[in-house]
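As structure tokens, the structure follows; a few thoughts come after it.
Numbering (the numbering used here), first residue to last: 21 to 341.
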């Protein structure tokens with residue numbers, strides 16, 4: 021049943037491209053990015069060196085939002101998403117408001133069954149307390165609050181969320197169990213995502229392709245967990261990002277706003293012996309990218325260019341409903 025849904029939604033996304041095909045193809049050909057320069061190639065080599073010496077599995081996705089140059093490693097490989105899944109859940113919630121499924125200003129009751137251990141402090145609030153959806157979203161992203169996530173996903177239900185993941189083009193991302201549902205996790209039921217899916221979603225938010233993009237980006241910029249990607253960039257640069265940490269998975273994905281170009285960076289890891297080593301790897305990859313973007317020879321005035329995938333999503337219509 022799920023495969024039929026995926027095919028149907030994929031058809032919806034592809035159809036507008038066929039209707040306006042010739043004009044779009046002509047535009048994409050004339051805007052083909054220049055080949056990467058030597059500095060970019062050296063950045064990729066430095067990152068590959070770090071990947072080879074990391075004692076675990078990694079995925080790296082970096083996309084320059086001005087030139088379109090991309091560094092990709094294992095970007096379509098499935099990783100346990102941990103708290104990264106909260107990023108697309110936020111996007112689905114904003115689309116759900118447009119369709120009338122919920123209001124960001126409505127209040128939800130804190131039920132005992134939805135309280136979850138791990139990140140966040142909402143689990144300590146009195147059972148029965150009512151909290152606005154907008155506040156829950158903010159806590160879900162900035163504090164990675166697991167209880168807030170469970171309250172929001174319980175309001176929508178898993179099937180609705182998964183259908184809208186597909187509508188967003190996140191074909192390799194799923195939400196199969198509630199946060200910190202250890203019983204189902206022990207049964208082998210896991211939430212997965214890829215660096216490519218996370219990168220595509222961040223790019224859609226950056227180019228304001230989704231309802232609520234500006235508000236979502238501001239929320240991402242207020243993340244309070246800054247021990248990975250943020251450690252690798254200068255303190256005066258801005259980053260909007262979401263982390264993930266669970267069992268042997270350690271991730272961070274975000275958008276960095278440098279003085280030269282803005283860029284998407286997604287680093288996922290698993291099977292590392294220690295979180296400390298995984299966090300250090302993510303910070304080092306971020307630092308290498310920041311060194312490249314600190315180069316004053318980069319043209320700061322270059323206009324941001326959406327990827328082919330993002331342009332395709334944009335002309336295929338919105339995801340409301």
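Virtual Cβ for every residue (Gly too), placed ideally from N, Cα, C.
Just so you know, these numbers come straight off a predicted model, no measurement behind them.
When only Cα atoms are considered, residue 155 and residue 224 end up about 23 Å apart. Note on geometry: alpha-carbon atoms of residue 97 and residue 179 lie some 23 Å from one another. In this model, residue 184 and residue 199 are separated by some 18 Å (Cα to Cα). In terms of Cβ geometry, residue 104 and residue 218 form a close pair [threshold 8 Å]. The C-beta distance from residue 270 to residue 299 rounds to 6 Å, short enough to fall under 8 Å.
In the same chain as residue 215, and ignoring 5 residues on each side of it, the C-beta atoms closer than 6 Å to its own belong to 79, 81, 95, 286, 288, in chain order.
Between the alpha carbons of residue 212 and residue 99 lies a distance of about 5 Å. Per DSSP, the continuous alpha helix (DSSP H) segment holding residue 309 begins and ends at 295-313. According to the DSSP secondary-structure assignment, residue 273 is paired through a beta bridge with 262, 286. In this structure the stretch 82-92 does not touch the stretch 130-146; the number of beta carbon pairs closer than 8 Å is below three. Residue burial annotation: residue 272 is buried, with at least 16 other C-beta atoms found within 10 angstroms of its C-beta. By the 16-neighbour rule on beta-carbons within 10 angstroms, residue 312 is buried.
Cβ contact annotation for residue 166 (same chain, cutoff 6 Å, sequence separation greater than five): 136, 138, 139, 140, 199, 200, in chain order. Boundaries of the alpha helix (DSSP H) harbouring residue 169: 166-176, taken from the DSSP string. Take residue 109, set aside five residues on each side of it, and the residues of its chain with a beta-carbon closer than 8 Å to its own are 160, 169, 172, 173, 181, 195, in chain order. Look at the beta carbons and you see the stretch 111-118 touching the stretch 230-239: at least three pairs across the two are nearer than 8 Å.
Between the alpha carbons of residue 277 and residue 268 lies a distance of about 29 Å. With fewer than 16 other beta carbons inside 10 angstroms of its own, residue 62 counts as exposed. If you keep only unbroken beta strand (DSSP E) runs of at least 3 residues inside the stretch 75-152, you get 77-84, 90-93, 127-129, 150-152.
For residue 281, the number of other beta carbons within 10 angstroms of its own is at least 16, and it is reported as buried. Distance from the CA atom of residue 250 to the CA atom of residue 310, rounded to whole angstroms, is 10 Å.
In the DSSP annotation of this structure, the continuous segment of the alpha helix (DSSP H) that includes residue 239 starts and ends at 233-241.
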